[in-house]
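Note that the numbering used here has the sequence shown beginning at 143, numbered continuously upward.
Ideal Cβ placement from N, Cα and C applies to all residues, glycine included.
First the structure, in the form of structure tokens, and then the observations on it.
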Amino acid sequence: MSHEPISPPVDARLPAWQLALFGLQHVLSMAASPITAVFLIAKVLALPADLTVQLIGATFFACGIGTLLQSLGAGPIGARMPFVMVPGGAPTMLFAGIAAQAGLPTAAGAALLASAFYWVLLPVFTRCLRLFPRVVVGAMLLLVSINLIRIYATIVVGQPGSADFAQPRALGLALATIVATVIVAGTLRGTAGRLAVLIGLMAGATLGWALGAMPALADVWHGPLFTHPVWLPFGMPRFDVLAALPLLIFTAISMAEATAQTVAVGETCGKAISLRRDVPKTIRGDALASLAGALFGTPLIVTSAENIGVVQTTGVRSRYVTAAAGAVLIVIALFAPLARLAYAIPAAVVGGTALIVFAMIGVMGIRLLASVDLHARANQYTLAAALVVGLAPILVPNLYRHFGAPVQIVLGNGMAAGTLAAIATQLAFAALARLGGHAHAGAAAAPSHDA
């Protein structure tokens, strides 16, 4: 009788066809992020079309390299968990701002400096990991979920005041995508049920094509077939620490996000997580992926919240699935028609998929908080402080517009602000408990003067 050890779900090796389908599901769930990031930079800087297309390919390539690194690992680098990498929203805006003020070579230099700063800051951050108990991580995941839902809801409906704001067709496509995803997840079993996100997205895209919201499929073949990332596309980087300061500050925020995401993926995959062992591996993976991306002209490449929601939604927990997604991302980067096909999917469909995926991240946060003793006053006020301080900049954009740039970077990021508030509240209650304990011990030790 065989007594071979059973591999944990995170290390399960699936058949090749399942790896391809489940990997493609991850790719389509996050494909909007690289495209949106590059178009934001191109719009701010008025980049020519050929450079924009080149940067889209470079960003997919860097995301693919980072995804393979996080999924498979290389020594102490990479989480060896089902992670997908994307260009972060905040660092993309910071990259574009630096480029607008000081030029693209300075922005590239800032991204390189930030990639190196991860390694400098990591030993200090590792000593602070005790400040992330479950109540703090659960609050972080809730704030991440709410913030991403707000962002992608705007992608669906457009900007308030614009001519195409809240068009019925866009709302209908998003709703149809969500409904299709839920129906598939609720009614189908086995592999089909686990492909709910992909099937829902395909259903939404098919409806969009029928309604004329997508270009003809023949159009994706217009243009070059193959492309490749270009080494240092903006010329030699220029290193200006002062200009890079916003990105250097962001690295600390990114480390906190990586901590929450490592815990969340570990919970979803049923893998026991050691903060001091596993979180630094994730952060080193982020640092190396960001370094590779910066050399090809991209903003910082970080672990993706999108794929955490996909893992939670589908229950497919193998890291080899996201490794397959990394390979697909590299193919997309090199084979231009695939990138054009991903770009052709209507924004409302991508947004609808993202909304349900990001909502699942909030579910994970609630699940973590359910295991916390919320009858304890310290936990009650920690969660309350995180929600108040974290939700304020999410619900009221530009809340800190009259403050300096460092304050805007930290407090204007709802996840960062809420995390800092939660940690400060935890520390305050711990200090008060110690003071109360010392006072009580002192009173007990004092000599009695009763007759």
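One or two residues paired with residue i in a DSSP bridge
| i | result |
| --- | --- |
| Pro229 | Ile443 |
| Ile219 | Ala216 |
C-beta contact flag for residue i and residue j at 7 Å
| i | j | result |
| --- | --- | --- |
| Val279 | Leu510 | yes |
| Thr516 | Ile219 | Checking the sequence shown, residue 516 turns out to be Leu, not Thr. Not in contact: Leu516 and Ile219 (Cβ atoms no closer than 7 Å). |
| Ile198 | Val180 | yes |
| Ile487 | Ala295 | no |
| Ala238 | Ile293 | no |
| Ile297 | Ala489 | yes |
| Ala200 | Phe438 | yes |
| Leu374 | Thr495 | no |
| Ser175 | Val452 | no |
| Leu246 | Ala436 | no |
| Val277 | Leu574 | no |
| Phe202 | Ala475 | yes |
| Ala559 | Val514 | no |
| Ser396 | Val228 | no |
| Leu163 | Ile565 | no |
| Gly206 | Gly468 | yes |
| Thr323 | Ile498 | yes |
| Pro224 | Thr424 | no |
| Ala252 | Ile240 | yes |
| Ala204 | Thr440 | yes |
| Val362 | Leu483 | yes |
| Val299 | Ala308 | yes |
| Leu433 | Ser304 | no |
| Arg459 | Pro151 | yes |
| Val470 | Gly165 | yes |
| Leu442 | Gly230 | yes |
| Tyr523 | Thr561 | no |
| Ala527 | Ala563 | yes |
Residue interval of the alpha helix (DSSP H) (run including residue i)
| i | result |
| --- | --- |
| Cys270 | Unbroken run through Cys270: none, as it is neither H nor E. |
| His364 | Unbroken run through His364: none, as it is neither H nor E. |
| Phe545 | Element bounds for Phe545: n/a, residue is neither H nor E. |
| Pro479 | 478 to 486 |
| Leu283 | 276 to 299 |
| Met506 | 489 to 512 |
| Ala528 | 519 to 537 |
| Leu189 | Premise fails: Leu189 is in no alpha helix (DSSP H) and is neither H nor E. |
| Pro375 | Segment: none, Pro375 is in no alpha helix (DSSP H) and carries neither H nor E. |
| Pro150 | First-last for Pro150: undefined, no H or E at that position. |
| Gln160 | 158 to 172 |
| Ala334 | 332 to 336 |
| Val326 | 310 to 329 |
Residue closest to residue i, alpha-carbon to alpha-carbon, out of the options
| i | options | result |
| --- | --- | --- |
| Thr401 | Leu193, Thr248, Leu271 | Leu271 |
| Ala520 | Ile240, Ala572, Met557, Tyr485 | Ala572 |
| Pro422 | Arg461, Gln160, Arg222, Pro190 | Arg222 |
| Leu529 | Pro150, Thr445, Asn555 | Asn555 |
| Ala327 | Ile297, Ile320, Gly335 | Gly335 |
| Gly546 | Leu387, Thr201, Leu374 | Leu387 |
| Ser416 | Met282, Ile297, Pro275, Gln522 | Pro275 |
| Glu399 | Val470, Leu283, Arg426, Ile291 | Leu283 |
| Ser213 | Arg482, Thr329, Val407, Ala308 | Val407 |
| Asp420 | Leu553, Thr404, Ala322, Gly314 | Thr404 |
| Gln243 | Leu330, Leu384, Val286 | Leu384 |
| Val491 | Ala322, Leu315, Val321, Gly354 | Leu315 |
| Leu599 | Arg459, Pro479, Ile536, Lys413 | Past the edges of the chain, shown from 143 to 593, lies residue 599, and the structure says nothing about it. |
| Pro371 | Tyr542, Leu389, Asp192, Arg543 | Asp192 |
| Thr209 | Val195, Ile450, Thr567 | Ile450 |
Cβ-heavy atom distance, residue i to the ligand MG, below 6 Å
| i | result |
| --- | --- |
| Asn540 | Absence of the ligand MG is noted for the structure shown, with no ligands found whatsoever. |
Extract the residue ranges of the beta strand (DSSP E) inside the region 379 to 454, only unbroken runs of 3 or more that lie entirely within it.
443 to 445
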